[in-house]
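The structure appears right after this line, and notes come after that.
2 protein chains.
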Amino acid sequence: MDLDLRKLRYFVAVADRLHFGRAADDLHIAQPVLSRQIRALEQDLGAPLLIRDSHGVALTDAGRQLLTDAGPLLASADAVRRRVTVAARGSRRLMVGFRAGITATAAVREFAIRHPDVIVDVQRIESDDQAAMLLDGRIDVGYVRLPIDETGLRVTPLYTEPRVAVLPAGHRFAGREQITEADLAGEPLLWHPDTSTQPTKRPHPNAGYLVRGVDETLEHVAAGRGISFLARSTAVFYSHPEVSYVPVTDLAPDQVCLAVAASRTSPVVDDFLAAAHATAEITAECGNDEMWRLASGAATQHG
Amino acid sequence: MDLDLRKLRYFVAVADRLHFGRAADDLHIAQPVLSRQIRALEQDLGAPLLIRDSHGVALTDAGRQLLTDAGPLLASADAVRRRVTVAARGSRRLMVGFRAGITATAAVREFAIRHPDVIVDVQRIESDDQAAMLLDGRIDVGYVRLPIDETGLRVTPLYTEPRVAVLPAGHRFAGREQITEADLAGEPLLWHPDTSTQPTKRPHPNAGYLVRGVDETLEHVAAGRGISFLARSTAVFYSHPEVSYVPVTDLAPDQVCLAVAASRTSPVVDDFLAAAHATAEITAECGNDEMWRLASGAATQHG
DNA sequence: GATGGCGATACCCTGGAGGCATCGCCGTAC
DNA sequence: GTACGGCGATGCCTCCAGGGTATCGCCATC
Numbered sequence: 001m002d003l004d005l006r007k008l009r010y011f012v013a014v015a016d017r018l019h020f021g022r023a024a025d026d027l028h029i030a031q032p033v034l035s036r037q038i039r040a041l042e043q044d045l046g047a048p049l050l051i052r053d054s055h056g057v058a059l060t061d062a063g064r065q066l067l068t069d070a071g072p073l074l075a076s077a078d079a080v081r082r083r084v085t086v087a088a089r090g091s092r093r094l095m096v097g098f099r100a101g102i103t104a105t106a107a108v109r110e111f112a113i114r115h116p117d118v119i120v121d122v123q124r125i126e127s128d129d130q131a132a133m134l135l136d137g138r139i140d141v142g143y144v145r146l147p148i149d150e151t152g153l154r155v156t157p158l159y160t161e162p163r164v165a166v167l168p169a170g171h172r173f174a175g176r177e178q179i180t181e182a183d184l185a186g187e188p189l190l191w192h193p194d195t196s197t198q199p200t201k202r203p204h205p206n207a208g209y210l211v212r213g214v215d216e217t218l219e220h221v222a223a224g225r226g227i228s229f230l231a232r233s234t235a236v237f238y239s240h241p242e243v244s245y246v247p248v249t250d251l252a253p254d255q256v257c258l259a260v261a262a263s264r265t266s267p268v269v270d271d272f273l274a275a276a277h278a279t280a281e282i283t284a285e286c287g288n289d290e291m292w293r294l295a296s297g298a299a300t301q302h303g
Numbered sequence: 001m002d003l004d005l006r007k008l009r010y011f012v013a014v015a016d017r018l019h020f021g022r023a024a025d026d027l028h029i030a031q032p033v034l035s036r037q038i039r040a041l042e043q044d045l046g047a048p049l050l051i052r053d054s055h056g057v058a059l060t061d062a063g064r065q066l067l068t069d070a071g072p073l074l075a076s077a078d079a080v081r082r083r084v085t086v087a088a089r090g091s092r093r094l095m096v097g098f099r100a101g102i103t104a105t106a107a108v109r110e111f112a113i114r115h116p117d118v119i120v121d122v123q124r125i126e127s128d129d130q131a132a133m134l135l136d137g138r139i140d141v142g143y144v145r146l147p148i149d150e151t152g153l154r155v156t157p158l159y160t161e162p163r164v165a166v167l168p169a170g171h172r173f174a175g176r177e178q179i180t181e182a183d184l185a186g187e188p189l190l191w192h193p194d195t196s197t198q199p200t201k202r203p204h205p206n207a208g209y210l211v212r213g214v215d216e217t218l219e220h221v222a223a224g225r226g227i228s229f230l231a232r233s234t235a236v237f238y239s240h241p242e243v244s245y246v247p248v249t250d251l252a253p254d255q256v257c258l259a260v261a262a263s264r265t266s267p268v269v270d271d272f273l274a275a276a277h278a279t280a281e282i283t284a285e286c287g288n289d290e291m292w293r294l295a296s297g298a299a300t301q302h303g
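Written out as structure tokens, the structure reads:
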């Protein structure tokens with residue numbers, strides 16, 4: 001009758017590896033058990049999920065559908081468990097995530113007027129798991145940057161800000177007032193993990209440098225492994241002696257959004273969203289022209 | 001480790017009834033079994049969910065949190081099962097729901113250009129289960145009218161249209177060119193089922209007339225049980241010899257939106273959404289001034 | 001003080017999830 | 001061509017979770 005989330009998790013493991021033995025290892029169970037559980041799941045759903053033949057294991061149409069749906073569902077279940085245990089502690093706490101360069105202070109202050117009893121916790125998030133953290137309830141609200149996989153989320157735009165190129169200090173364009181995207185044609189770009197994959201899908205471990213977070217980006221750029229781009233407010237907050245920021249005039253701006261898990265129903269969350277929207281302009285100021293002039297003036301002193 | 005959806009369903013039954021014996025009846029299991037399952041769930045979550053004392057059963061904070069989260073989660077699980085079985089049949093089919101008065105033809109035609117292989121099915125939906133149908137996968141996309149419980153959904157506005165009062169033919173305002181909301185102060189309003197409740201919560205069966213759908217509305221109004229309001233396009237499509245429509249000049253307009261389950265990831269769905277947005281103006285025409293003049297002209301012939 | 005309603009406990013039975021050993025199939029190597 | 005190895009499936013055992021019935025314990029009511 002009801003879907004069995006354990007079997008579903010097992011299925012995801014097999015679908016990820018396309019190999020019963022290795023998936024069983026991942027799950028710390030014996031391979032025959034896994035084999036039977038998957039068969040039981042197929043019988044339960046009344047549909048074959050995997051094709052096993054001498055060439056290995058492959059997904060059927062139904063299996064592909066289940067794989068795409070399983071991730072969000074399992075994440076929601078996680079989120080439910082997490083929220084219940086939090087509610088049980090009686091702690092009225094709101095966890096707000098924010099991407100590098102974004103300052104939630106104004107919204108937090110505004111929110112505290114209406115909800116002095118709620119403790120607002122803030123936590124930095126990164127591009128590669130911003131969606132997953134919302135889905136499984138580690139954060140309740142997120143100041144995120146696009147792109148983001150909107151599956152299971154409710155995403156509303158807040159503001160945009162220009163982006164700048166991140167160049168090694170010795171680069172031929174370092175210190176320029178501004179450049180265009182065309183100037184950088186052919187430059188090696190750092191490879192960022194794909195944020196549009198399902199939360200269950202992990203990027204292949206040895207596919208180039210895995211750049212996660214701003215500090216790593218700066219290190220890699222300084223080391224000459226490639227160039228990158230950052231939102232201007234991020235550049236304002238993070239500097240590195242061996243790195244130079246240069247505005248790129250024709251680059252698509254960075255879109256900052258508010259995101260919550262769509263399955264989340266809570267007046268507290270709604271009130272925070274309202275506060276965040278009301279203070280969007282203040283939040284956006286961190287990347288405005290004045291802040292940029294100040295910051296880039298300071299940066300050129302050592303860049 | 002994983003949440004047990006069966007236990008979760010059991011919990012919802014108990015939380016709805018606040019009575020173990022009756023909930024057990026609903027679930028067709030014995031009361032002691034239910035008692036133990038709930039206790040197991042509490043142990044599993046590490047939090048008490050219900051307070052049992054001589055005065056009966058009550059929810060704890062954690063229990064309330066779980067109850068609000070359980071509905072969407074169970075609905076998602078249903079949706080996953082449904083989509084997998086559909087995918088297994090290999091049928092590329094898209095189910096589009098629409099509220100009364102909304103014509104999806106333009107979007108369907110536009111969509112068919114890109115996806116001639118996908119069969120688009122349309123189905124009328126009602127206010128009281130429009131959200132539930134999206135959440136549990138009975139429809140993939142919905143042309144809905146506000147208000148709607150956005151939990152678990154992604155809702156984007158399409159267009160608005162004026163609303164009209166629905167009056168019995170013998171009403172003192174019947175046949176008027178227009179009236180204001182104040183004119184109708186004190187008039188008995190038909191009671192519509194609350195759309196903002198959780199999908200698991202059913203309205204109490206004997207709480208006034210349960211008006212579901214347009215036809216019932218017209219019958220009840222004609223029978224003199226109260227007046228009601230409808231979007232103008234709905235009024236254009238539905239007429240009743242004993243009912244008269246009168247524009248209300250200062251009534252908040254009806255907002256038509258597109259809605260999909262937030263956990264739904266599918267390029268086919270995305271393409272339909274794009275087509276629906278692209279054809280929004282055509283869709284909105286059904287309730288425009290010209291259509292209204294034509295329809296109300298015809299209506300006055302027998303009204 | 002007797003009674004009845006209601007959740008919890010005790011006890012039993014069955015089925016499902018886990019383990020281990022082994023089979024059957026097929027591709028490959030020598 | 002045969003031997004071998006990889007891999008999923010099957011057989012068989014154990015144990016616990018989920019189902020049932022009978023009954024207890026508590027309390028409110030009369």
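Just so you know, the sequences run in chain order A and B. For the first sequence, the UniProt record's numbering begins at 1 and goes up steadily by one. For the second sequence, the UniProt record's numbering begins at 1 and goes up steadily by one. Quick reminder that beta carbons are idealized off the backbone N, C-alpha and C, glycines included.
Open item on the list: Closer than 8 Å is the cut-off here; do at least three beta carbon pairs connect the segment 107 to 123 of chain A with the segment 267 to 283 of chain A?
Closed with: yes
Open item on the list: Need the endpoints of the alpha helix (DSSP H) that A/Pro32 sits in, please.
Closed with: Gln31 to Leu45
Open item on the list: Counting only Cβ-Cβ distances shorter than 7 Å, please list the residues of the segment 79 to 98 of chain A near chain B, keeping chain order.
Closed with: Val80, Arg81, Arg83, Val84, Thr85, Ala87, Ala88 and Gly90
Task: Any 3 or more C-beta pairs closer than 8 Å across the segment 175 to 185 of chain A and the segment 247 to 257 of chain A - done: yes
Open item on the list: I want to see whether chain A comes within less than 7 Å of B/Pro203, judged by CB atoms only; does it?
Closed with: Caution applies to B/Pro203, whose pLDDT of 37 falls short of 50 and renders its modelled position unreliable; the value that the coordinates give is listed next. No - not a single Cβ of chain A is within 7 Å of the one on B/Pro203.
- [ ] Mind checking which residues open and close the beta strand (DSSP E) that includes residue 321 of chain B?
- [x] The structure shown does not extend to residue 321 of chain B, since chain B spans only 1 to 303, so no value can be given for it.
- [ ] Would you tell me roughly how many angstroms separate the C-alpha atoms of residue 317 of chain B and B/Ala278, rounded to the nearest one?
- [x] What is shown of chain B runs 1 to 303, which leaves residue 317 of chain B out entirely.
Task: Through-space distance from B/Asn288 to A/Lys201, alpha-carbon basis - done: Per-residue confidence for A/Lys201 stands at a pLDDT of 33, beneath the threshold of 50, marking its modelled position as unreliable; no derived number is given.
Open item on the list: According to DSSP, is A/Ser196 part of a helix, a strand, or is it coil?
Closed with: Its pLDDT being 37, under 50, A/Ser196 is placed unreliably in this model, and the value from its coordinates should be taken loosely. Coil.
Task: Rounded straight-line distance, which links the Cα of A/Val80 to that of A/Leu73 - done: 11 Å
TODO: Answer yes or no: does any C-beta atom of chain B fall closer than 7 Å to that of A/Gly224?
DONE: no
- [ ] Examine the Cβ distances between the segment 90 to 106 of chain B and the segment 20 to 37 of chain A and report whether three or more of them are shorter than 8 Å.
- [x] no
Task: CB of A/Phe229 within 7 Å of CB of A/Arg163, strictly - done: yes
Open item on the list: In this structure, how does DSSP classify B/Ala104 when only helix, strand and coil are distinguished?
Closed with: coil
TODO: Return the CA-CA distance between A/Thr197 and A/Asp128, expressed in angstroms with no decimal places.
DONE: Because A/Thr197 sits at a pLDDT of 37, beneath the cut-off of 50, its placement in the model cannot be relied upon, and the following sentence gives the value as read from the coordinates. A/Thr197 and A/Asp128: Cα-Cα distance of roughly 9 Å.
Task: Cβ pair B/Ala276, B/Arg154 closer than 7 Å - done: no
- [ ] Please list, in chain order, all residues of the same chain as B/Asn206 whose beta carbon is under 8 Å from its beta carbon, the five residues on each side excluded.
- [x] For B/Asn206, the predicted structure reports a pLDDT of 34, less than 50, and the residue's modelled location is therefore unreliable. The matter cannot be settled from this model.
TODO: Identify, in the order they occur along the chain, each residue of the same chain with its Cβ nearer than 8 Å to the Cβ of B/Thr195, setting aside the five sequence neighbours on each side.
DONE: Note on B/Thr195: pLDDT 40, under 50, position unreliable in the model; the coordinate value appears next. The answer, listed in chain order, is Ser127, Asp128, Gln130, Ala131, Pro147, Ile148 and Asp149.
Open item on the list: Please list the terminal residues of the continuous alpha helix (DSSP H) segment that includes A/Gln178.
Closed with: Note, A/Gln178: premise wrong, no alpha helix (DSSP H); not H, not E.
Open item on the list: Strictly below 7 Å CB to CB, what residues from chain B border A/Gln65?
Closed with: Arg83, Val84 and Ala87
Task: C-alpha distance - B/Gly71 paired with B/Asp4, whole-angstrom precision - done: 14 Å
Open item on the list: Any C-beta of chain B within less than 7 Å: which residues of the segment 131 to 146 of chain A qualify?
Closed with: none
Open item on the list: Quick check on the burial criterion: 16 or more other C-beta atoms within 10 angstroms. Buried or exposed for B/Leu214?
Closed with: This sequence places Val at residue 214 of chain B; Leu is not what is there. Counting Cβ neighbours within 10 Å, B/Val214 comes out buried, since at least 16 surround it.
Open item on the list: Considering just the uninterrupted stretch of the beta strand (DSSP E) at B/Phe173, what are its terminal residues?
Closed with: It is not in any beta strand (DSSP E) - B/Phe173 carries neither H nor E in the DSSP assignment.
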